[in-house]
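Below is one structure; the comments refer to it alone.
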Amino acid sequence: MLTTTMPLVSLSIWTAVAREAPVGRYGPGEFVGYFLAALIVRQCTGSWLVWQLNQEIRQGTLSQRLLKPIHPLWIYSAENLAALPLRAALCLPVVVVAVVYADITRSGPLLAIFFASLLGAWLINFFTMAIIGSLAFFLESSTSVFELWLITFMLLSGYVVPLELFPGWVRGVAEALPFRYTLGFPVEVVIGLMDLKSALRGLAVQYTYAAAAAATAILVFRAGVRRFGAFGG
Numbered sequence: 592m593l594t595t596t597m598p599l600v601s602l603s604i605w606t607a608v609a610r611e612a613p614v615g616r617y618g619p620g621e622f623v624g625y626f627l628a629a630l631i632v633r634q635c636t637g638s639w640l641v642w643q644l645n646q647e648i649r650q651g652t653l654s655q656r657l658l659k660p661i662h663p664l665w666i667y668s669a670e671n672l673a674a675l676p677l678r679a680a681l682c683l684p685v686v687v688v689a690v691v692y693a694d695i696t697r698s699g700p701l702l703a704i705f706f707a708s709l710l711g712a713w714l715i716n717f718f719t720m721a722i723i724g725s726l727a728f729f730l731e732s733s734t735s736v737f738e739l740w741l742i743t744f745m746l747l748s749g750y751v752v753p754l755e756l757f758p759g760w761v762r763g764v765a766e767a768l769p770f771r772y773t774l775g776f777p778v779e780v781v782i783g784l785m786d787l788k789s790a791l792r793g794l795a796v797q798y799t800y801a802a803a804a805a806a807t808a809i810l811v812f813r814a815g816v817r818r819f820g821a822f823g824g
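So for the sequence shown, this note's numbering puts the first residue at 592; every next one is plus one.
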């Protein structure tokens, strides 16, 4: 529950700090926009595949999916995407508040990049969860790996604090890693912190990470299925 509502916790903390004095480019209004956008992005791009894969591998029910002509990862992706309209609908009140009270960009090109970046963030998240979930072919459970990933995500994606508020070298590392492109990058685009050129460059990097995650997920899953079959799964 806390991982879902963390942006609201951060919002209350950082707006209180910013009332005393701005923090970098962020005053209370900027923090409101940032963390409301972070909440929306997280809700619209999350994936639960790691839990599903762990359960189906452990119980052996994955074998039923392997008999179907469609690759299981595409079936999983369809199941995950089918839940997004409901999750997006639950975010509507937050969207309304963000539009009314926060400084959301009105630029058509930037909004288009924002929606494209939501898909890119979802792709990175989904295939990363597929990679971690597929480790359950080789481990008793890969949920501990997921917990380590989640902690790193919360620290380096911009979920708890905007990345530009980190010290220089930490910010440089965080901005080079894929975690930023699962949350911080879409948020920065939609609240107008990026110009069009920077946003396009960021989108290209994001989709490069998404393609790399997809290729890795397919390879790890394929290797895991071979092991699964060899042990009579």
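Think of the CB as a built atom: it goes at the ideal place given N, C-alpha and C, for glycine as much as any other residue.
Just the Cα atoms here: how many angstroms apart are residue i and residue j?
| i | j | result |
| --- | --- | --- |
| LEU787 | LEU602 | 27 Å |
| PHE626 | ILE695 | 12 Å |
| ARG656 | VAL641 | 16 Å |
| LEU672 | ARG616 | 35 Å |
| GLU738 | GLU731 | 15 Å |
| ALA814 | GLN650 | 19 Å |
| SER708 | SER698 | 15 Å |
| ALA703 | PRO777 | 11 Å |
| THR636 | VAL691 | 23 Å |
| TRP844 | LEU714 | No information on residue 844 is available, as it lies outside the stretch 592 to 824 that the chain covers here. |
| ALA803 | GLU611 | 43 Å |
| SER733 | VAL623 | 35 Å |
| VAL764 | LEU658 | 43 Å |
| GLN643 | VAL781 | 32 Å |
| TYR806 | ALA609 | Per the sequence shown, the amino acid found at residue 806 is Ala instead of Tyr. Taking the straight line from one Cα to the other gives about 43 Å. |
| VAL687 | SER654 | 44 Å |
| SER784 | PRO660 | Just to set this straight, residue 784 is Leu in the shown sequence, not Ser. For LEU784 and PRO660, the distance between alpha carbons rounds to 45 Å. |
| ALA801 | THR743 | 18 Å |
| ALA674 | ALA607 | 35 Å |
| ARG762 | THR652 | 43 Å |
| ARG792 | ALA727 | 35 Å |
| ALA628 | TRP760 | 25 Å |
| GLY618 | ILE604 | 12 Å |
| PRO598 | MET745 | 10 Å |
Out of the options, point me to the one whose CA is closest to residue i's CA.
| i | options | result |
| --- | --- | --- |
| VAL816 | GLU647, TRP760, PRO769, LEU791 | GLU647 |
| ALA679 | PHE737, PHE706, PRO663 | PHE706 |
| ARG633 | CYS682, SER735, ILE704 | CYS682 |
| LEU794 | GLN643, MET745, LEU701 | LEU701 |
| PRO663 | GLU755, ALA721, VAL781 | ALA721 |
| ARG818 | PRO598, ALA609, SER725 | SER725 |
| SER668 | THR719, VAL687, PRO619 | THR719 |
| LEU810 | PRO753, ILE723, VAL781, GLY783 | ILE723 |
| ASN716 | ALA628, GLN797, VAL600 | GLN797 |
| ASN645 | LEU756, VAL736, ALA767 | VAL736 |
So, is residue i buried or exposed, given that buried needs 16 or more other C-beta atoms within 10 angstroms?
| i | result |
| --- | --- |
| THR799 | exposed |
| PRO676 | exposed |
| PHE729 | exposed |
| SER638 | buried |
| PRO769 | buried |
| PRO613 | exposed |
| GLY711 | buried |
| PRO753 | buried |
| PRO758 | exposed |
| ALA790 | buried |
| ALA767 | exposed |
Tell me, to the nearest whole angstrom, how far the beta carbon of residue i is from that of residue j; I am working on the premise that it is less than 8 Å.
| i | j | result |
| --- | --- | --- |
| VAL685 | LEU630 | 6 Å |
| ALA693 | GLY620 | 7 Å |
Beta carbon of residue i: closer than 8 Å to some heavy atom of the ligand HEM?
| i | result |
| --- | --- |
| PHE718 | Among the ligands in the structure shown, none appear at all, so the ligand HEM cannot be discussed. |
>> Check whether the region 761-779 and the region 745-753 are in contact - that is, three or more C-beta pairs closer than 8 Å.
In response: yes
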